[in-house]
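The sequence shown begins at 48 in the working numbering and counts up by one.
C-beta atoms are modelled at their ideal positions from N, C-alpha and C, and glycine is treated no differently.
One structure is given below, encoded as structure tokens.
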Amino acid sequence: MKGIQKALSRERKFAAIEAASEKMLKDSVVFRDSVSSLLVSGSSFGGSLATLFSPLGAEYNLAAKFPQAEKTVQNITVYQTLMEEMRETLTPELELIDSRIVQPCKELNDICKKIRKSCTKRDHKLIDFDRHNNSLNKLREKKEKSLKDEKNLFTVEQDFELAAGEYEHHNNLLKTELPAFLQMATRFIDPLFHSFYYMQLNVYYIMLEKVQSFADGKYDLERKDIENIYLEQRGDAAEQLDELQITKRVVSTGSIAKMLQTHRQSSGSSRSPSITSKTSGLGRAPSASYASKKEAEAYGAAPPTRTLAAPPPYTSTASTDSIKKKAPPPPPPLKPKPSYGTPKVYCTAIFDFEAQAEGDLGFRAGDRIEIIERTENPDDWWTGKLNGVTGIFPGTYTQVD
């Protein structure tokens, strides 16, 4: 009983160390990437401000026209230089976090994954041991044994000894080496956590020192209501932008023409009847005379343009009937191609099997399982699919259809 309690305690400690290593790896990577993105964004922000306000400030004298923004306009170049210096200063710190925190956490996480695989393999060997043990007991308890039973008994005894040896090997390996790993992992994680904590503090202090050196004497750092400070500094700039006509949507010429056409149609106005009668009789609008074109060119004006209507189509039935041809018949439908896929193989469960570890496929007696991968030896573990779930299962628990 005490041995079982110790084993369960070791399993819980290992699960806690596994979760802690994954969390520390994730947090260290997120912190490193976030600080790097912050520095890149700050440097880009300073460059954008310098590009935007430096030409405007020199041409329009923004500092004199807007006294409340004088310090900002004058110190844009200083801010840009500060962001570049901060990025250069903190780059070695981020590289140190990557080499001292991130990489060791990755190594510890890889070791935990290998140990987890060993635990899963031990559980699988225990299932094999129980299966062979049950088969051996059934044959031994059988009162009247045939010659075939005697041969099977010899084979089952060999399989049982092999399964027992493999299970004892993996189980003893975890018994002896897992406690040692737990002690070493504890001694490894504690200093790693403290180092990461002090590296974070160093990054924060460097950033605070750089930003305060820029803001001292220029801005009031006593106030904490940042939103109110922003609204006071902005003033009525938003209202002035809304009043500018350049920010309004411009109606296109095509939209204006459609609006006028709709208005004319609703009011009932139409074109001159003389023009419409001529266009309907001739099929096209009358062209301007040569003299009128010359007069327009002499006075420098563009000659009047007329919209040409398409000529009426020919309505001769004889000609159209001679041109028309009989349409070809539609092509016959394509025959469906026969499928040459590999037929699926199924097996029926003889005994119940409970999933012991992640990746196992549990089933009940009578379930029909689709075999995805199997070997010729039924004592091996096969891969199958049941109710949309894929996993491995012992082949001796089933019978191939």
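Quick test of your reading: residue i and residue j, contact by CB under 8 Å. State the CB separation rounded to the nearest angstrom.
i: F207; j: L186; result: In fact, because the Cβ distance is near 10 Å, the residues do not count as touching under 8 Å.
i: L433; j: F410; result: 6 Å
i: S75; j: I158; result: No, S75 and I158 are not in contact; Cβ-Cβ is about 17 Å, not under 8 Å.
i: P425; j: T443; result: 5 Å
i: L32; j: L86; result: Because the chain in this structure spans residues 48 to 448, residue 32 falls outside the shown range and cannot be described.
i: K189; j: D196; result: 6 Å
How is residue i classed by DSSP in three states: helix, strand or coil?
i: A402; result: coil
i: L221; result: helix
i: T445; result: strand
i: A396; result: strand
i: T389; result: coil
i: G89; result: helix
i: G94; result: helix
i: T430; result: strand
i: D407; result: strand
i: R187; result: helix
i: F440; result: strand
i: A345; result: Note that A345 scores 43 on pLDDT, short of 50, meaning its location in the model is unreliable; the coordinates nonetheless yield the value given after this. Helix.
i: E197; result: helix
i: R415; result: strand
i: E269; result: coil
i: E423; result: coil
i: K192; result: coil
i: N156; result: helix
i: L291; result: coil
i: G212; result: helix
i: F100; result: helix
i: F113; result: coil
i: D263; result: coil
i: D283; result: coil
i: N122; result: coil
i: P333; result: With a pLDDT of 40 at P333, under the threshold of 50, the modelled position of this residue cannot be trusted; read the value that follows with caution. Three-state DSSP puts P333 in coil, outside helix and strand.
At the level of alpha carbons, what is the spacing between residue i and residue j?
i: D170; j: S68; result: 23 Å
i: T395; j: F440; result: 12 Å
i: T445; j: R421; result: 12 Å
i: L96; j: N108; result: 16 Å
i: K192; j: A412; result: 27 Å
i: G435; j: A402; result: 15 Å
i: K160; j: P226; result: 16 Å
i: N199; j: R234; result: 52 Å
i: I236; j: E154; result: 12 Å
i: I397; j: T389; result: 25 Å
i: R270; j: E286; result: 26 Å
i: K112; j: I273; result: 24 Å
i: D414; j: W429; result: 15 Å
i: L239; j: N156; result: 13 Å
i: K283; j: V77; result: First, the amino acid is wrong: residue 283 is Asp here, not Lys. Cα-Cα distance, rounded: 40 Å.
i: S146; j: D267; result: 39 Å
i: N423; j: K73; result: Rather than Asn, the amino acid found at residue 423 in this sequence is Glu. Taking the straight line joining both Cα atoms gives about 44 Å.
i: L248; j: D263; result: 22 Å
i: Q150; j: I293; result: 55 Å
i: T367; j: P376; result: For T367, the predicted structure reports a pLDDT of 45, less than 50, and the residue's modelled location is therefore unreliable. A value from the coordinates is still provided. Spanning the two alpha carbons is a distance of roughly 21 Å.
Assign residue i to buried or exposed, taking buried as 16 or more other Cβ atoms, counted over all protein chains shown, within 10 Å of its Cβ.
i: Q127; result: buried
i: T309; result: exposed
i: M231; result: exposed
i: V203; result: buried
i: I64; result: buried
i: V250; result: buried
i: L221; result: buried
i: G93; result: buried
i: L408; result: buried
i: E58; result: exposed
Can the beta-carbon of residue i be found closer than 9 Å to that of residue j?
i: E213; j: D175; result: yes
i: G406; j: E417; result: no
i: L173; j: N219; result: no
i: Q280; j: A116; result: yes
i: F228; j: M71; result: no
i: E131; j: S90; result: yes
i: R79; j: I162; result: no
i: M133; j: M246; result: no
i: P258; j: L99; result: Here the sequence assigns Val to residue 258, which means Pro is not the residue at that position. In this structure, L99 does not lie closer than 9 Å to V258 by Cβ.
i: N122; j: K295; result: no
i: C152; j: F61; result: no
i: H179; j: A211; result: yes
i: D448; j: Y393; result: yes
i: S83; j: L141; result: yes
i: F261; j: V125; result: yes
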